[in-house]
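K.L.:
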Amino acid sequence: MVLSHTVPGSLQTNLPRWKARNRSDRRMRRIMNEAERIQQLIAALRDENEALRDHAMASLGQMGSEAVPQLIGLMADEDVVIREAATTAVVRIGPVAFDQLLEALQDDEWAIREQAANALGRLRDPRAVDPLMRALKDKDGAVRTAAVWALERIGDSRATPGLIEALGDGTLREDVARVLKKIGDSRAVDALIDGLLGPNWMVRRHAAEALGKIGDPRSTQALIQSLQDEDWLVRRNAAESLARLGAKQAIEPLLPLLEDENTMVQETVEGVLASLGWKEATSS
1335 MVLSHTVPGS
1345 LQTNLPRWKA
1355 RNRSDRRMRR
1365 IMNEAERIQQ
1375 LIAALRDENE
1385 ALRDHAMASL
1395 GQMGSEAVPQ
1405 LIGLMADEDV
1415 VIREAATTAV
1425 VRIGPVAFDQ
1435 LLEALQDDEW
1445 AIREQAANAL
1455 GRLRDPRAVD
1465 PLMRALKDKD
1475 GAVRTAAVWA
1485 LERIGDSRAT
1495 PGLIEALGDG
1505 TLREDVARVL
1515 KKIGDSRAVD
1525 ALIDGLLGPN
1535 WMVRRHAAEA
1545 LGKIGDPRST
1555 QALIQSLQDE
1565 DWLVRRNAAE
1575 SLARLGAKQA
1585 IEPLLPLLED
1595 ENTMVQETVE
1605 GVLASLGWKE
1615 ATSS
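Under our numbering, think of the first position of the sequence shown as 1335, with each following residue one higher.
Here you go:
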């Protein structure tokens, strides 16, 4: 007797729909399982056990973009540890979180904007430069500071104009001078000269170093003037920058610093004078 394996017509008709429904059901179960797992991992971020918290943060960082909205929501948590853990997890998720972080940079909650700026800096994606430059004008100081920090991490010279403008913000001035020093864009020379001759000693330190790195001769006179600064590190940085500029006209103004009250300044100036061709700098 031969058994028939013929599939009934109605079953043949409905089989594709059943298969599609099964695939859809399986996908929905995976989504539900993933959503439940995300919730469990987020809850674990609040656990007292540090190892469990670290594991949860690492696991969230391996999730896809589906976890990003909830993690961004945690960036406004009252617990700073939770905020930072959420930010770290988003950064670990990677570039797929970029667009959602840009949206978060416009959030009503200042803490979310702050952490979004931090995350964008850690991702080091140059596409974030323009949005972060706009964040330099945020109404909240913490957000503005985070934007400066992020632009420093990215290190893109396109940020220079916005950073120059931000030098006028007293809460950012020191950080901005440091970032301009790192970027080394000649467009910042005039602003850095102003900072070098200004009242803020930390800005003067960064500016004195930055101007040597940039190497624009327009800064020579301001650097020579700064050899008499009351701050020893400004004097030393100015001397080193004059050496970088090869400013032989600085030799005479440098000589008194051989007897500077700070021995580090003395030692630096000896080397600077030698590099500028003053033979007697080491002969005394």
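Ideal Cβ placement from N, Cα and C applies to all residues, glycine included.
1) Just to check my reading of the structure: Val1477 and Ala1500 have Cβ atoms closer than 8 Å, yes? What is that Cβ distance to the nearest angstrom?
2) Looking at the structure shown, is Arg1360 part of a helix, part of a strand, or coil, going by DSSP?
3) Do the region 1534-1542 and the region 1558-1571 touch if we need at least three Cβ pairs shorter than 8 Å?
4) Near Arg1512, what residues of its chain come up, given a Cβ to Cβ distance below 8 Å and the 5 sequence neighbours on each side ignored?
5) Reducing DSSP to helix, strand and coil, say where Gln1410 ends up.
6) Please report how far the alpha carbon of Val1430 lies from the alpha carbon of Ser1399, in whole angstroms.
7) Terminal residues of the continuous alpha helix (DSSP H) containing Glu1574?
8) Helix or strand or just coil, what does DSSP make of Leu1561?
9) So, helix, strand or coil for Pro1465, using DSSP?
10) Quick check: what's the CA-CA separation for Leu1561 versus Glu1614?
11) Where does Gly1529 fall in DSSP's three states?
12) Is the CB-CB distance between Gly1455 and Ile1488 below 9 Å?
13) Can you tell me whether DSSP reads Asp1442 as helix, strand or coil?
14) Spatial neighbours of Ala1451 within its chain, please: CB distance less than 7 Å, with the 5 preceding and 5 following residues excluded, ordered by chain position.
15) Considering only their Cβ atoms, is the gap separating Ala1423 from Ala1401 smaller than 9 Å?
16) What number of angstroms, rounded off, separates the C-alpha of Glu1593 from the C-alpha of Thr1494?
P.N.:
A quick look at the data gives this:
1) About 12 Å; that fails the 8 Å criterion.
2) With a pLDDT of only 49 at Arg1360, under 50, the local geometry of the prediction cannot be trusted, and the value read off the model is given with reservation. Looking at Arg1360 - three-state DSSP - the assignment turns out to be helix.
3) yes
4) Glu1486, His1540
5) Note that residue 1410 is Ala in the sequence shown here, rather than Gln. Here Ala1410 sits in coil by DSSP.
6) 6 Å
7) 1566-1579
8) helix
9) helix
10) 20 Å
11) helix
12) yes
13) coil
14) Leu1439, Leu1466, Ala1469, Val1477, Ala1480, Ala1481, Ala1484
15) yes
16) 38 Å
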